[in-house]
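Since the structure comes first, as structure tokens, the remarks are kept for the end.
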Amino acid sequence: MLEIKINSTREKIIQVADKLFGRFGFYKTSMDEIAKIARKAKGSLYYHFSSKEELFKEVVAKEIQHLKFELSKIINDESLNSKQKIKQYLLKRMEVLSEASNYHETIKADLYEHFEFIDELRADFDNWEKQKIKESIEAGINANEFDVKIEEIDAIIDVFLMVLKGLEIPFFIQGNYKKYSPYLGDMLNILIKGISK
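Each residue of the sequence shown is one higher than the one before, counting from 818 in the working numbering.
Written as structure tokens, this is what we have:
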């Protein structure tokens, strides 16, 4: 029973922190404020999280976990061919990230002050993402959909991700996702056509 209460307290703290960080940002959100809104003693926050950085990292980790879950559904969808998988994966990636306000905070930090405590989390996601896209491209090569040499796959993945990451600032930080997202599919068609047979 005590373990359930501890887990529910932790989840409540994460939920409140998610909302506050998402609304006010990392710097303008205090642990005092999180404790007050969560209706928990400040000591309870520090029981579960040693610092505001650790709590923010957990909140961003939840967003990335949700992103991986949504992207995995596309990767594992056997009704899609490799071209469809890659296009839908890249579209879904941007759609889910458009709602990930705490992930946006890490992008802003890259522009001004780097959040080193998030580096490991982001590197893990980058590796996971590259592996998933690589599997889809390799499947496309085997299915005769793509005209790509095996030694070119990593460079192609890097280009795809550079394009998408290059769009993150205008889409999410400058608030242009809704304006430009209807054209994203056409751009991805061009990229995918470039590797297609």
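Glycine residues also receive a C-beta, built at the ideal position from the N, C-alpha and C atoms. The model shown is predicted, which means the values in this text are computed figures rather than measured ones.
Taking a 10 Å sphere around the C-beta of His921, we find 16 or more other C-beta atoms and assign the residue as buried. Distance from the Cα of Phe886 is smallest, within the candidate group Arg910, Ser867, Gln832, for Arg910. For Ile1007, the enclosing alpha helix (DSSP H) has its first and last residue at 994 to 1010. Beta-bridge pairing by DSSP links Ser1013 to Phe963. Take the alpha-carbon of Lys859 and the one of Asp894: they are about 45 Å apart. Shown here, Thr846 sits in coil according to DSSP, grouped into three states, outside any helix or strand. Looking only at Lys845, Phe841, Lys879, Phe843, the smallest Cα-Cα distance to Arg827 is reached by Lys879. The C-alpha of Ser915 is placed about 6 Å away from the C-alpha of Phe989.
Contact annotation, Lys829 with Lys857: C-beta distance approximately 7 Å; criterion of less than 8 Å satisfied. Taken through DSSP and simplified to helix, strand or coil, Leu897 comes out as coil. About 6 Å separates the Cβ atoms of Ser1013 and Glu962, confirming a contact at the 8 Å cut-off. The Cβ atoms of Ile950 and Ile903 sit closer than 8 Å to each other. In the structure shown, the three-state DSSP call for Glu916 is coil.
Sixteen is the threshold: since fewer than 16 other Cβ atoms of the shown chains lie within 10 Å of the Cβ of Asn959, the residue is exposed.
Residues Ile831, Ala834, Asp835, Phe838, Asn919 of the same chain have their beta carbon placed closer than 7 Å to that of Val876, with the five preceding and five following residues left out of the count. For the options Leu907, Phe934, Ile854, Thr846, the alpha carbon positioned closest to that of Val976 is the one of Leu907.
Following the DSSP letters along the chain, one finds Ile970 inside the alpha helix (DSSP H) bounded by residues 970 to 985. By the C-beta density criterion, Lys900 is buried, having at least 16 other C-beta atoms within 10 angstroms.
Within its own chain, the residues whose Cβ lies closer than 7 Å to the Cβ of Phe942, once the five positions on either side in sequence are excluded, are Ile881, listed in chain order.
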